[in-house]
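S.K.:
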Amino acid sequence: GEDVEQSLFLSVREGDSSVINCTYTDSSSTYLYWYKQEPGAGLQLLTYIFSNMDMKQDQRLTVLLNKKDKHLSLRIADTQTGDSAIYFCAELGSSYKLIFGSGTRLLVRP
Amino acid sequence: GAVVSQHPSWVICKSGTSVKIECRSLDFQATTMFWYRQFPKKSLMLMATSNEGSKATYEQGVEKDKFLINHASLTLSTLTVTSAHPEDSSFYICSAPATVSTDGYTFGSGTRLTVV
């Protein structure tokens, strides 16, 4: 079956880097996404990576994909207080449905 | 980019009444719309997939008579929570696939339903 797991909570100091990890199970996933959700709001697409890529960098965001281990990570450089939110990884599974991870709550301390 | 407009953003209703949530694709045609439910501090749970002009497909365990989905046009999908009960209180979010896979899925801003 399809199951996506994330650690529940991460706390970092402002200016440090944050690394949010995700594991998935559907090896046929073509795209993997990272979404950000602020309190009471919908989801905002941050970045994505295609399954044949190992890494993608987009300004402060770096996505690493280890397809062998089905492990995905999101690194946020120079984390700011405005980055505090819940981050969801999601895979586009074989059923063309988005399967979400449990979400990681990022808290950035001043 | 593609925008999905969801209304209302929040609603409070009495037990036994019905509530309709609308999602409109503003600058693209959404032949498919996904409806999610999110419990506090939890992930998104896919409830159903609506397809324009045909019946919605519900996920296992989701009552189709309770959560009525209509996708009457290429730009509008609605979710009606019928005979609402306090346990239906939740955050409901719609999502439509972007026309390009790399754009991911576009999400509505969500509707917080509170049933009292």
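Protein chains in written order, with the working numbering: chain V, 1 to 110; chain G, 1 to 116.
Note that CB positions come from ideal geometry on N, CA and C, so glycine has one too.
Are three or more beta carbon pairs between the segment 27–47 of chain V and the segment 5–16 of chain V nearer than 8 Å?
M.R.: no
S.K.: Is the Cβ of G/Ser89 closer than 8 Å to any Cβ of chain V?
M.R.: no
S.K.: Output the distance between the C-alpha atoms of G/Thr111 and V/Val4, rounded to the nearest integer angstrom.
M.R.: 24 Å
S.K.: Given this structure, state the Cα-to-Cα distance separating V/Gln37 from V/Thr104, to the nearest angstrom.
M.R.: 10 Å
S.K.: I'd like the span of the beta strand (DSSP E) that includes G/Leu68, first residue to last.
M.R.: Phe67 to Ser73
S.K.: For G/Ser5, would you say it is in contact with chain A, using Cβ-to-Cβ distances shorter than 8 Å as the test?
M.R.: As a matter of chain content, chain A is missing from the structure shown, whose protein chains are V and G.
S.K.: Count Cβ pairs between the segment 35–55 of chain V and the segment 75–92 of chain V that sit closer than 8 Å; are there 3 or more?
M.R.: yes
S.K.: Thinking just about the alpha-carbon of each residue, which of G/Lys14, G/Trp10 and G/Ile21 is nearest to the one in G/Ser77?
M.R.: G/Ser77 has its Cα closest to that of G/Ile21, out of G/Lys14, G/Trp10 and G/Ile21.
S.K.: Please decide whether G/Leu44 counts as near chain V, where near means a Cβ-Cβ distance under 8 Å.
M.R.: yes
S.K.: Does the beta carbon of G/Tyr105 come closer than 8 Å to any beta carbon on chain V?
M.R.: yes
S.K.: Which residue spans inside the segment 49–105 of chain V form an unbroken beta strand (DSSP E) run of at least 3?
M.R.: 55–58, 61–66, 71–76, 85–92 and 98–100
S.K.: For G/Ala72 versus G/Ser25, is the C-beta spacing smaller than 8 Å?
M.R.: no
S.K.: Our contact map puts G/Phe39 next to G/Ser90 with C-beta atoms below 8 Å; I'd like the distance itself, whole angstroms only.
M.R.: In this structure G/Phe39 is in contact with G/Ser90, their Cβ atoms being roughly 6 Å apart against a cut-off of 8 Å.
S.K.: Would you say G/Gly61 lies against chain V (beta-carbon separation less than 8 Å)?
M.R.: Residue-level contact check: G/Gly61 does not touch chain V, since none of the beta carbons of chain V fall below 8 Å from its beta carbon.
S.K.: In the DSSP assignment, the beta strand (DSSP E) including G/Lys20 goes from what residue to what residue?
M.R.: Val19 to Ser25
S.K.: Count the other CB atoms, across all protein chains shown, that sit within 10 Å of the CB of G/Trp10; report buried if there are 16 or more and exposed otherwise.
M.R.: exposed
S.K.: Closer than 7 Å by C-beta to G/Thr17: which residues in its own chain qualify, once you throw out the five before and the five after it? Chain order, please.
M.R.: Closer than 7 Å at Cβ, skipping near neighbours: Ala84.
S.K.: Can you pull the chain V neighbours of G/Ile93, defined as C-beta to C-beta under 8 Å?
M.R.: Ordered by position in chain V, the residues that pass the 8 Å Cβ test against G/Ile93 are Gly42 and Leu43.
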